[in-house]
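In our numbering, the protein residues as written are 1 to 191. Ideal placement from N, C-alpha and C gives every residue a C-beta, glycine not left out. Computed from a predicted structure; not experimentally measured.
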Ligand SMILES: [Zn+2]
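This is how it looks when you write it as structure tokens:
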């Protein structure tokens with residue numbers, strides 16, 4: 001699948017919008033991206049996760065792990081396609097941890113999955129969980145890399161799509177200069 005085809009999935013599902021947006025950081029951008037909107041549709045989820053699963057099909061994997069919440073759908077679907085066990089880490093006192101009786105065996109081969117990587121914080125936390133259990137990280141697979149190429153997990157890593165993030169401080173925003181209406185995603189008037 002080409003990056004253009006993948007981008008079209010995001011556009012068709014309105015996961016990727018173009019316009020003039022106020023981001024949670026306070027910066028302005030001509031794009032707004034919400035990965036969960038594409039993952040609403042099992043057909044898209046299946047195709048996007050197949051790109052990840054195919055990339056790791058020669059890798060020896062026992063278990064797929066993902067951080068909740070964003071990574072759940074991706075981890076589950078990649079694990080389903082590879083027919084491997086799937087577990088997840090979730091936050092307890094702000095720290096990602098294995099709950100619900102999930103365990104990792106020593107030397108177990110683990111693929112870490114996530115939906116979107118910006119700073120990679122959650123993935124780094126999951127990698128620590130795997131290492132603390134003396135299991136082995138064999139790769140990191142995610143749908144969108146928004147780190148502008150900056151995040152390196154130190155293991156074979158793969159993203160289905162690299163999406164450059166362009167944002168501006170309000171004073172330097174070219175869209176403000178063009179008097180295009182600023183919208184805040186998630187607000188009442190946001191479509
Ligand atoms: Zn602006």
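Reference residue i, options the options, closest by Cα
i: residue 128; options: 33, 95, 116; result: 95
i: residue 114; options: 48, 61, 92; result: 48
i: residue 153; options: 54, 71, 45, 122; result: 122
i: residue 14; options: 84, 26, 38; result: 38
i: residue 59; options: 138, 149, 165; result: 138
i: residue 81; options: 107, 124, 64, 70; result: 64
CB contact flag (residue i, residue j, <8 Å)
i: residue 116; j: residue 87; result: no
i: residue 183; j: residue 19; result: yes
i: residue 176; j: residue 170; result: yes
i: residue 90; j: residue 99; result: yes
Exposed unless 16 or more other CB atoms sit within 10 angstroms - verdict on residue i
i: residue 159; result: buried
Rounded C-alpha distance that separates residue i from residue j
i: residue 167; j: residue 120; result: 19 Å
i: residue 21; j: residue 130; result: 37 Å
i: residue 5; j: residue 157; result: 21 Å
i: residue 35; j: residue 16; result: 8 Å
i: residue 155; j: residue 111; result: 10 Å
i: residue 172; j: residue 29; result: 11 Å
i: residue 66; j: residue 178; result: 42 Å
Below 6 Å from a heavy atom of ligand 1 - residues by beta-carbon: Listed along the chain, these residues meet the criterion: 20, 28, 170, 173, 175, 176, 182.
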